[in-house]
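**Student:**
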Amino acid sequence: MKKIVVKLLIFFMPVFLWISLFTSLDPYDYWNFFNDYRGFEEGIVTPLPRMRKYLNSDTSTLLLGDSRTAYVWRQMKTLGVDDEYANLAFGGASLKESIDLFWFAAEKRKPERVIFQISFYTMNSAYALDRVPQVVDQAENVFQYYLNFDHNRLAFNNLKQWVAPIKVEPEPELPRAERRAKELEYVSVPCADYSINEEMLNGLIEIAQYCNNEGIELYFITPPMHRDFWDQIVDRYELQDELDYYKAKLSQYAPIYDMEWRSDIIDSEDFTDGMHFDGLVREGYVNLLITKQNPYCRIWEKGAVI
């Protein structure tokens, strides 16, 4: 019997070693042991670490959206309110993915408040990514997570960096005007043949009706855009009617705190490109998320601006 136990220990030793190493080097901190936001950094375009953090918390306020909402966690941490919000927004999120994440979260426990970021860009039928179902399986099944090749590859890269650190010099940052020009080229392609994604719009309405029936506070938020986007995208492709249409329809079911309009903020130098921002614009956006207050915000209710 003793020999069998020894043989089993020898046999499973590599497995125990791998599990220990992977857990300590896990790129997304699956068990939230370290609480270091390692999976929240800019450039990470998977909701997995945020989903795991949500599952390991009792936070009752949900944040949903794309990168413009995903990366406000630093400001919220500075303000000391990051633990009060489950930030399920992530870089590149489509409306379909944000809707799926809402239902994922709501099935686990009923939230008290939902702040849902939307925009004309993600409302486009051409923007239809659908990556959440696969990630849900990994978030809920530890075996799928630990056996995933990409996760092990990233953990191995972390090990190499720990053993023999390699200093990588960041690429020179382009001037903001040049970054806006590059992004305009990219965004122009799907916006040239723009159409409202009615299926996703109805999906948002379904969420609003659910929240109303369940006594959950819900409001939508739209982030601001730089003037170049208004001139070269909205005006060029005559999209203003589409913007007004989706806001008028959706606001019949839940209020929209709208910064996606031609306010004075569109000329700010705090836009890092056409749709992303830092500095005072981000501070104001965070304030809107938390307090529903921003001097550049207008409110849509019952189909119209109030």
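To convert, count from 1 in the sequence shown and add 28; that's the numbering used here.
All residues carry an ideal CB built from backbone N, CA and C; glycine is no exception.
Since we're looking at a predicted model, the values are computed, not measured.
Classify Ile244 as helix, strand or coil using the three-state DSSP reduction.
**Tutor:** If DSSP states are grouped into helix, strand and coil, Ile244 belongs with coil.
**Student:** My output table needs one value for Ala154: the three-state DSSP class, helix, strand or coil.
**Tutor:** Coil, per DSSP.
**Student:** Do Met287 and Cys239 have their beta-carbon atoms positioned less than 8 Å apart in this structure?
**Tutor:** No, these two residues do not count as a Cβ contact at 8 Å.
**Student:** Leaving aside the five residues before and after Arg310 along the sequence, list all residues of the same chain whose C-beta is less than 8 Å from its C-beta, in chain order.
**Tutor:** Answer for Arg310: Val100, Gln103, Asp298, listed in chain order.
**Student:** Let's see if you can read the secondary structure: which residues bound the beta strand (DSSP E) around Thr89?
**Tutor:** Where Thr89 is concerned, the enclosing beta strand (DSSP E) stretches over 89-92.
**Student:** With distances taken from CA atoms, which of Ala133, Gln145, Glu135, Phe61 is nearest Gly119?
**Tutor:** The residue with the shortest Cα to Cα distance from Gly119 is Gln145.
**Student:** Considering only C-alpha positions, which residue in the set Val160, Tyr149, Lys195 is nearest to Leu271?
**Tutor:** The shortest C-alpha separation from Leu271 is found at Tyr149.
**Student:** If you scan the region 218-275 from start to end, which runs of the beta strand (DSSP E) of 3 or more residues do you find wholly inside it?
**Tutor:** Complete beta strand (DSSP E) runs here, min 3: 245-250.
**Student:** Tell me whether Asp111 sits in a helix, a strand or coil according to DSSP, three-state version.
**Tutor:** Note: Asp111 maps to helix in three-state DSSP.
**Student:** Have a look at Pro161 and Thr97 and give me their C-alpha separation to the nearest angstrom.
**Tutor:** Looking at the two C-alpha atoms, the distance is approximately 21 Å.
**Student:** Suppose the cutoff is 6 Å on Cβ atoms and the five residues either side in sequence are ignored; what does the same chain contact list for Ser153 look like?
**Tutor:** Around Ser153: Ser223, Asn225.
**Student:** Kindly list the residues whose CB is nearer than 7 Å to the CB of Val164, restricted to its own chain and excluding five residues on each side of it in sequence; keep chain order.
**Tutor:** Phe132.
**Student:** With Leu129 and Pro75 assumed to form a contact (beta carbons below 8 Å), what rounded beta-carbon distance in angstroms separates them?
**Tutor:** Yes, they are in contact, since the Cβ atoms of Leu129 and Pro75 sit about 6 Å apart, within 8 Å.
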